[in-house]
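Residue numbers (the numbering used here): 1 to 127.
Glycine residues also receive a C-beta, built at the ideal position from the N, C-alpha and C atoms.
If you're wondering where the values come from, they're calculated on a predicted model, not measured in any experiment.
One structure below.
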Amino acid sequence: MAGNNRNNISQLRTPYSQQLADNDAKRQRLLKVRKKRFYMIVSVFAVLTIFFGVQIFQAHHNLQNIQAQTVQKQTKLKHVKAKNKQLNQQVKLLNDDTYLEKIIRQKYFYAKSGETVYNFTNQSQDK
Numbered sequence: 001m002a003g004n005n006r007n008n009i010s011q012l013r014t015p016y017s018q019q020l021a022d023n024d025a026k027r028q029r030l031l032k033v034r035k036k037r038f039y040m041i042v043s044v045f046a047v048l049t050i051f052f053g054v055q056i057f058q059a060h061h062n063l064q065n066i067q068a069q070t071v072q073k074q075t076k077l078k079h080v081k082a083k084n085k086q087l088n089q090q091v092k093l094l095n096d097d098t099y100l101e102k103i104i105r106q107k108y109f110y111a112k113s114g115e116t117v118y119n120f121t122n123q124s125q126d127k
């Protein structure tokens with residue numbers, strides 16, 4: 001009997017019920033459009049966030065590489081400055097005649113006329 005009751009029910013097609021049905025249909029379309037717009041905005045925001053996130057990550061990585069190179073170059077600069085200072089001191093010493101004469105005598109066994117050069121070697125005898 002329950003199945004027979006359903007067939008006996010009919011809807012009224014009054015202007016008021018038609019207006020309610022139309023309003024409901026408009027509301028459903030409006031919700032669908034808003035939902036679609038929301039998903040579009042969220043997807044654009046997600047794409048932009050990912051894009052700029054990758055850019056920030058790459059910039060941070062490049063910054064770290066540049067800082068590492070800067071530290072290496074500063075260390076190399078310190079070594080070069082120390083070497084330059086040492087070479088400048090040697091140049092000053094080579095401009096001194098007494099030091100130059102001493103070096104020539106030691107390295108090349110140079111002697112003035114009338115001088116005799118004796119070479120002593122230090123050898124230890126182990127018994």
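Environment of S10 [buried if 16+ CB atoms lie within 10 Å]: Locating residue 10 in the sequence shown gives position 10, where the first residue counts as 1. Counting Cβ neighbours within 10 Å, S10 comes out exposed, since fewer than 16 surround it.
Limits of the alpha helix (DSSP H) - the one that L128 falls within: Shown here, the chain extends from 1 to 127; a query on residue 128 therefore has no answer.
DSSP three-state assignment for Q106, whether helix, strand or coil: The residue you call residue 106 lines up with position 106 of the sequence shown. Correct three-state label for Q106: helix.
L100 in three-state terms, based on DSSP: For the purposes of this step, residue 100 is taken as residue 100 along the sequence shown, with counting starting at 1. DSSP places L100 in helix when its eight states are reduced to three.
N8 - DSSP class collapsed to helix/strand/coil: As a first step, residue 8 must be located in the sequence shown, where it is residue number 8. In the structure shown, N8 sits in a helix (DSSP, three-state: H, G or I).
Span separating the alpha-carbon of I41 from that of V47: If you number the sequence shown from 1, residue 41 lands on position 41. If you number the sequence shown from 1, residue 47 lands on position 47. Approximately 10 Å, taken between the alpha carbons.
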